[in-house]
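Structure, as structure tokens:
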Amino acid sequence: TVKVDENLSLFYGDGKRIEQVFTNLLDNAMRHTTNGEVTCEFRQGDNQINIIIKDTGSGIPADELPFIFDRFYRVEKSRSREFGGTGLGLAIVKMLVKLHGGTIDITSKENEGTQFTLSFPNDIGNKERGEKI
54 TVKVDENLSL FYGDGKRIEQ VFTNLLDNAM RHTTNGEVTC EFRQGDNQIN
104 IIIKDTGSGI PADELPFIFD RFYRVEKSRS REFGGTGLGL AIVKMLVKLH
154 GGTIDITSKE NEGTQFTLSF PNDIGNKERG EKI
């Protein structure tokens with residue numbers, strides 16, 4: 054499910070890199086949500102655009118959350134064999150969000166799901182060098 058605020062502002066950036074962010078987060082959400090729902094919401098804040106990607110999947114254990122954006126970190130090594138991956142995806146996501154002037158936060162509860170919240174400041178980017186996103 055996708056929900057978009059009617060008054061959502063645009064920002065300028067590297068469209069390919071932002072696509073990479075969404076591809077990674079949505080792929081992870083769908084991979085870990087076998088029976089459930091994945092939602093993506095675009096909300097206009099006072100001075101920022103907030104993007105929430107939420108799933109009702111397997112969730113992440115609380116003791117794993119502090120390391121989730123570390124390079125080569127994989128939640129529960131036994132799950133890694135089942136789902137694949139190198140442990141670089143979320144580290145790259147965080148770097149790309151930061152390069153666009155944004156932040157990314159995670160909340161998760163095991164067996165209930167995970168939520169990533171991305172925030173980008175309004176009017177970010179260089180209109181001459183970037184693309185409208």
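Following my numbering, the numbering of the sequence shown begins with 54 at its first residue and continues without gaps.
In this text, a Cβ means the ideal position worked out from N, Cα and C, and glycines have one as well.
Along the chain, where does the beta strand (DSSP E) containing residue i start, and where does it finish?
{"i": "N81", "result": "Unbroken run through N81 is the alpha helix (DSSP H), G68 to R84; no beta strand (DSSP E)."}
{"i": "P174", "result": "G166 to P174"}
{"i": "S161", "result": "T156 to K162"}
Could you spell out the range, first to last residue, of the alpha helix (DSSP H) harbouring residue i?
{"i": "G188", "result": "Only positions 54 to 186 of the chain appear in the structure, and residue 188 is not among them; the question remains open."}
With DSSP as the reference, please indicate the residues paired to residue i in a beta bridge.
{"i": "E94", "result": "K56 and I105"}
{"i": "T87", "result": "DSSP lists no partner for T87."}
I believe residue i touches residue j by the beta-carbon criterion, under 8 Å. Please report the beta-carbon distance rounded to the nearest angstrom.
{"i": "R96", "j": "D158", "result": "So it is not a contact: roughly 14 Å between Cβ atoms."}
{"i": "G140", "j": "F125", "result": "4 Å"}
{"i": "A144", "j": "D116", "result": "That belief does not hold up - the Cβ atoms of A144 and D116 are roughly 19 Å apart, past 8 Å."}
Examine the Cβ distances between the stretch 65-73 and the stretch 149-164 and report whether three or more of them are shorter than 8 Å. yes
I want to know whether the stretch 76-95 touches the stretch 106-113 - three or more CB-CB distances under 8 Å. yes
Does the stretch 90-102 touch the stretch 158-173, meaning 3 or more C-beta pairs lie closer than 8 Å? yes
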